[in-house]
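Okay, so here's the structure we're looking at.
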Amino acid sequence: MGRYDFVHVLKIVLLASVLYSAGCNNENKGPSTPPGPGNVTGKITGTISGGPIAGSTVRIGGASATTNSNGDYIIPGSFSGVVGINVDGPSQYPRQVTKDLSRSLVANIDVIEKTSAFSLQFYRQLVRDAEESLFLRPTNRWEGSEPTFFIDTSPEIGTGAPIPSSTVDTIKSVIRQSMPVFTNGFITGSRITVTSNPPAELTSGTIIIKFDHTILQRGTFGVTRIQTFGNQIDAAVTRLVLNPNFPFDELTSHELGHAVGFFHASDRPSVMVAVGSCGCGLFTQDDRVHMKINYSRPAGNTDIDNDPPDAITKSLAKREVIEIVCRK
Ligand SMILES: [Zn+2]
Numbered sequence: 403m404g405r406y407d408f409v410h411v412l413k414i415v416l417l418a419s420v421l422y423s424a425g426c427n428n429e430n431k432g433p434s435t436p437p438g439p440g441n442v443t444g445k446i447t448g449t450i451s452g453g454p455i456a457g458s459t460v461r462i463g464g465a466s467a468t469t470n471s472n473g474d475y476i477i478p479g480s481f482s483g484v485v486g487i488n489v490d491g492p493s494q495y496p497r498q499v500t501k502d503l504s505r506s507l508v509a510n511i512d513v514i515e516k517t518s519a520f521s522l523q524f525y526r527q528l529v530r531d532a533e534e535s536l537f538l539r540p541t542n543r544w545e546g547s548e549p550t551f552f553i554d555t556s557p558e559i560g561t562g563a564p565i566p567s568s569t570v571d572t573i574k575s576v577i578r579q580s581m582p583v584f585t586n587g588f589i590t591g592s593r594i595t596v597t598s599n600p601p602a603e604l605t606s607g608t609i610i611i612k613f614d615h616t617i618l619q620r621g622t623f624g625v626t627r628i629q630t631f632g633n634q635i636d637a638a639v640t641r642l643v644l645n646p647n648f649p650f651d652e653l654t655s656h657e658l659g660h661a662v663g664f665f666h667a668s669d670r671p672s673v674m675v676a677v678g679s680c681g682c683g684l685f686t687q688d689d690r691v692h693m694k695i696n697y698s699r700p701a702g703n704t705d706i707d708n709d710p711p712d713a714i715t716k717s718l719a720k721r722e723v724i725e726i727v728c729r730k
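Numbering (the working numbering), first residue to last: 403 to 730.
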């Protein structure tokens with residue numbers, strides 16, 4: 403046994419000893435003080451798989467611990483108040499979170515795994531507009547309560563054509579199938595109103611779907627505008643061409659993807675592909691995996707997997723409307 407191995411084994415023995423003590427403390431003092439005053443403990447799991455992440459290092463200031471095969475860690479100390487916690491390891495992307503230890507000394511943190519299921523390039527295109535923007539946007543997402551979808555059945559702008567009920571049915575179906583997948587269940591698509599008199603465009607809490615033939619002049623079958631407030635989307639309006647020469651359910655799913663915070667992405671098969679049809683129906687498995695990550699993080703992330711403490715408050719006063727034109 404070499405010196406390194408000996409030290410390693412010693413560490414394991416010491417860790418086991420600490421864990422054993424922690425168990426005793428739990429039994430004696432109850433679950434409100436796990437595993438002892440000032441010690442921070444928790445589990446590191448994979449964002450995609452949900453399984454434990456072994457071998458990751460969890461750091462608070464100069465103190466650190468490595469997760470065991472169950473993803474568990476314990477950092478002995480006298481920690482309190484708001485602290486920054488860094489998690490990094492060979493099988494994950496680094497993550498930084500802030501944690502208020504006055505509420506709990508347990509810090510369970512999920513991290514994105516470095517597996518073939520995840521593409522950093524695709525994520526940055528889809529979530530942070532890396533494909534078409536000159537800079538990486540902070541993430542946008544809906545927060546708060548479920549938005550109401552208004553399907554505007556007024557005659558199509560530009561042609562006056564009536565809106566077929568079959569088209570309305572398709573849109574309803576897409577909302578109910580795509581929205582829970584795109585938003586990790588945050589938006590259920592249960593609030594749909596079909597009306598010829600919807601609220602004004604970009605009314606807070608609404609996603610309005612209109613039919614507008616004039617956008618064809620811009621070389622597109624679909625245009626979506628989202629209104630963000632402190633990186634939280636609070637309104638969106640989507641304009642579709644009636645009966646385009648394009649899979650209509652895919653087009654609707656694509657535009658609603660913009661409405662809930664996603665941009666064009668071409669690095670992997672995606673319904674959010676910038677040009678043309680993906681031929682994939684409403685979404686791909688890559689869409690499902692990467693969209694879920696955006697909706698399992700706070701709005702305003704500026705790093706792949708990083709929650710700066712001021713990410714949301716920093717831009718609370720900034721209201722912005724982003725228009726996304728889709729070339730088809
Ligand atoms: Zn688009």
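Every residue, glycine too, gets a C-beta built ideally from N, C-alpha and C.
Measuring alpha carbon to alpha carbon, tell me which of Ala-638, His-666 and His-615 ends up nearest Glu-722.
-> Ala-638
How long is the line joining the alpha carbons of Leu-604 and Thr-561, rounded to whole angstroms?
-> 24 Å
Alpha helix (DSSP H) segments (min. 4 residues) lying fully within the segment 565-639 = 567-584
Val-583 and Arg-690: beta carbons closer than 9 Å?
-> yes
Which of helix, strand or coil DSSP assigns to Gly-659 = helix
Using DSSP with H/G/I as helix, E/B as strand and the rest coil, what is Val-727?
-> strand
CA-to-CA distance, Asn-599 to Gly-463, given in whole angstroms | 57 Å
With DSSP as the reference, please indicate the residues paired to Ser-466 in a beta bridge.
-> Arg-461
In whole angstroms, what separates the C-alpha of Pro-492 from that of Gly-457?
-> 7 Å
Cβ of His-656 within 9 Å of Cβ of Val-673?
-> yes
Grouping DSSP H, G and I as helix and E and B as strand, with all else coil, what is Thr-686?
-> coil
Residues near Thr-640 by beta carbon distance below 6 Å, same chain, minus five either side | Ile-611, Thr-626, Glu-657 and Ala-661
Looking only at C-alpha atoms, which of Asp-474, Gly-678, Pro-439 and Gly-440 sits nearest to Gly-448?
-> Asp-474
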